[in-house]
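To convert, note that position 152 of the sequence shown is 151 in numbering that gives the first Met the number 0; the numbers rise steadily by one, no gaps.
Using N, Cα and C, we set each Cβ at its ideal position, and we do this for glycine too.
Since we're looking at a predicted model, the values are computed, not measured.
The structure appears right after this line, and notes come after that.
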Amino acid sequence: MRVVSTRNSQILAARVAENLGIEFVPTAYSRFPDGEHYLRTGPLDGETVVVGSITDSDALVQLLLLLDACEETETTLVLPYMGYARQDRRFREGEPVSARAIASSLGMGAARAITVHIHEPSILRHFGVDATEVSLAPEIGNFLSSLRLEDPLILAPDEGAVPLVQAIARGHGWETDHLVKTRLSGTEVTMSPKRLDVTGRHVVIADDIISTGGTIVQAAGILKEQGAISVHAVCVHGVFAGNAYSLLKGAGIRTIASSDTIESACAVYSASGMIARTIREC
Ligand code: R5P
């Protein structure tokens, strides 16, 4: 078995190979004069693990090309971050179910798929092959533990992130809660934790994705007004679109941390161990 990757997932792919004790095969990436992607990998035979996060449309095309380059091997697709997953249903007439379009296209080139916190687990069925989801809650919990915050409160920004915060806190004895939005007027909305008081507490907001940072910035402002000593933000997928990082820092978020499903300076815990373990169990 060998590991190959798209351009923007090389670090994670190399870590997966290292964890499995197998070869990481380099791939050359370039473009044709008209901008089309070209890549060349190999030599490959037997089984291949293809690692590629969909961080943008170029990454998606590279992943499709790489899967095709591996078509003579039995391929395990590792999709650490699946862009387009948030359009997981038709919200308005005439829209695509983007998650289905992407999953079904990728699934055609693979024998199985492994994803990491895919935003909505029902997307897994669209791959058309055996597809599983890996959780990084233990890695995030261990990272938070290393910060040595006294009696932290782990907070989900919405109800959807409750299972993630509960899994992060498991085994550490930390309290968890989630934010609830209350409409004050036609234009004003406030948020506060559903059950707990944040006064005098270190609060960690945990979400699957930080994209524009808007959710966390808004929550942090309100939590500080309510008396939180410090606010920290952890996520699985650090998209950090546009000036998200500056906005988060400007809002006084003390820690900004993500996994390496998307490579950045904020990637301080790795998905490689859980991905390697899942590959071993396949
Ligand atoms: C939403 O469904 C996700 O779980 C995140 O809460 C969302 O993607 C965060 O986006 P942003 O950082 O742009 O507020």
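Burial state of residue i (16 or more Cβ within 10 Å)
i           : result
residue 176 : buried
residue 198 : exposed
residue 67  : exposed
residue 116 : buried
residue 171 : exposed
residue 194 : exposed
residue 196 : exposed
residue 280 : exposed
residue 213 : exposed
residue 192 : buried
residue 82  : buried
residue 138 : buried
residue 29  : exposed
residue 93  : exposed
residue 8   : buried
residue 241 : exposed
residue 183 : exposed
residue 144 : exposed
residue 130 : buried
residue 100 : exposed
residue 109 : buried
7 Å Cβ cutoff met for residue i and residue j
i           : j           : result
residue 160 : residue 216 : no
residue 277 : residue 270 : no
residue 87  : residue 98  : yes
residue 153 : residue 173 : yes
residue 231 : residue 254 : yes
residue 257 : residue 266 : yes
residue 227 : residue 19  : no
residue 52  : residue 79  : yes
residue 1   : residue 43  : yes
residue 96  : residue 89  : yes
Cβ-heavy atom distance, residue i to the ligand R5P, below 6 Å
i           : result
residue 209 : yes
residue 213 : yes
residue 55  : no
residue 206 : yes
When the options are compared against residue i, the one with the closest alpha-carbon
i           : options           : result
residue 229 : 200, 236, 257     : 200
residue 6   : 31, 108, 274, 55  : 55
residue 189 : 162, 59, 157, 262 : 157
residue 57  : 43, 42, 132, 38   : 38
residue 127 : 82, 136, 272, 105 : 105
residue 111 : 77, 263, 224, 268 : 77
residue 234 : 62, 263, 24       : 263
residue 113 : 155, 107, 132     : 132
residue 207 : 241, 181, 164     : 164
residue 210 : 238, 184, 202     : 238
residue 179 : 136, 100, 155     : 155
residue 140 : 27, 61, 11, 168   : 168
residue 273 : 59, 135, 21, 27   : 135
residue 107 : 118, 63, 144, 143 : 63
residue 40  : 225, 166, 21, 4   : 4
residue 287 : 162, 252, 10      : Absent from the structure is residue 287, since the part of the chain shown begins at 0 and ends at 281.
Any non-hydrogen atom of the ligand FAD within 6 Å of residue i CB
i           : result
residue 268 : Ligands displayed in this structure: the ligand R5P; the ligand FAD is not among them.
Inter-stretch contact (C-beta, 8 Å, three-pair minimum) for the segment 232–250 and the segment 201–220: With a cut-off of 8 Å, the segment 201–220 and the segment 232–250 count as touching, because enough Cβ pairs lie within range.
Does the pairing of the segment 137–156 with the segment 107–125 give three or more beta-carbon distances under 8 Å? With a cut-off of 8 Å on Cβ pairs, the segment 137–156 is not in contact with the segment 107–125, counting fewer than three such pairs.
Please confirm if the segment 46–63 is in contact with the segment 3–21, defined as three or more CB-CB distances below 8 Å between the two stretches. Proximity of the segment 46–63 to the segment 3–21 meets the contact definition, three or more beta-carbon pairs being nearer than 8 Å.
Would you be able to state if there are at least three C-beta pairs under 8 Å between the segment 70–89 and the segment 30–41? Inter-segment contact for the segment 30–41 and the segment 70–89 is absent: fewer than three beta-carbon pairs are separated by less than 8 Å.
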